[in-house]
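Notes for the one structure printed next.
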Amino acid sequence: MVNDPISDMLTQIRNALLLNKEAVEIPHSKMKKEISRVLKENGFINDYIEVSDDKFKKLKLILKYHRGKGVIQGLKRISRPGRRVYTQKSELPYVMGGLGIAVISSSHGIITGQQARRLNTGGEVLCHIW
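First residue of the sequence shown? That's 419 in this note's numbering, and the numbers climb one at a time after it.
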């Protein structure tokens with residue numbers, strides 16, 4: 419039983435990148451699908467596909483590489499089930515001096531820190547990706 423599905427997703431992506439895998443399959447959830455959408459919109463993955471097994475739905479993330487190295491250089495879980503991290507619009511983090519993204523869960527859905535600044539909203543900081 420996984421207590422933190424988002425951390426598990428980030429770990430599976432990190433491990434697949436270290437092994438230079440073309441794709442990684444993770445268990446499906448609405449939150450993971452939205453995080454995958456944000457990753458695709460920001461150019462960190464090529465695509466994501468919903469795959470249906472006999473009993474379970476999965477997300478297949480097609481990873482992106484540039485010159486043999488993964489486009490995603492690092493992933494860090496910020497808000498965890500045991501320690502939630504919320505931020506106001508004025509305190510939204512910049513990741514790697516603007517080269518990375520902060521994934522935020524707000525009243526507007528799962529968005530990046532840059533989108534949250536534009537929408538003038540805060541929320542729960544799920545993770546940083548660079």
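For glycine and all other residues, C-beta sits at the position ideal for the given N, C-alpha and C.
As the structure is a prediction and not an experimental result, all values here were calculated from the model.
Below 8 angstroms, enough C-beta pairs join the segment 454-466 and the segment 476-487 to call them touching: three or more. At a cut-off of 3 residues, the continuous stretches assigned as beta strand (DSSP E) that sit fully inside the segment 453-493 are 463-470 and 475-481. Nearest in C-alpha terms to Gly-516, of all of Asn-433, His-546, Leu-435 and Glu-542, is His-546. Annotated three-state conformation of Ser-524 is strand, per DSSP. When only Cα atoms are considered, Asp-426 and Val-503 end up about 18 angstroms apart. If you ignore the 5 residues before and after Ile-496, its C-beta comes within less than 7 angstroms of the C-beta of Val-503, Val-543, Leu-544, Cys-545 and His-546, all in its own chain and listed in chain order.
A direct Cα-Cα distance of roughly 7 angstroms separates Ala-434 from Ala-441. C-alpha of Trp-548 to C-alpha of Ile-529: approximately 15 angstroms in a straight line. Ile-547 sits in a strand when the DSSP states are folded into three classes.
In the three-state reduction of the DSSP assignment, Gly-540 falls in the coil class. DSSP places Pro-499 outside any alpha helix (DSSP H), giving it a letter other than H or E.
One thing to note: Thr-539 has its Cβ no nearer than 8 angstroms to the Cβ of Ser-523. Residues of the same chain with a CB within less than 7 angstroms of the CB of Glu-452, apart from the 5 flanking positions on each side, are Gly-527 and Ile-528 in chain order.
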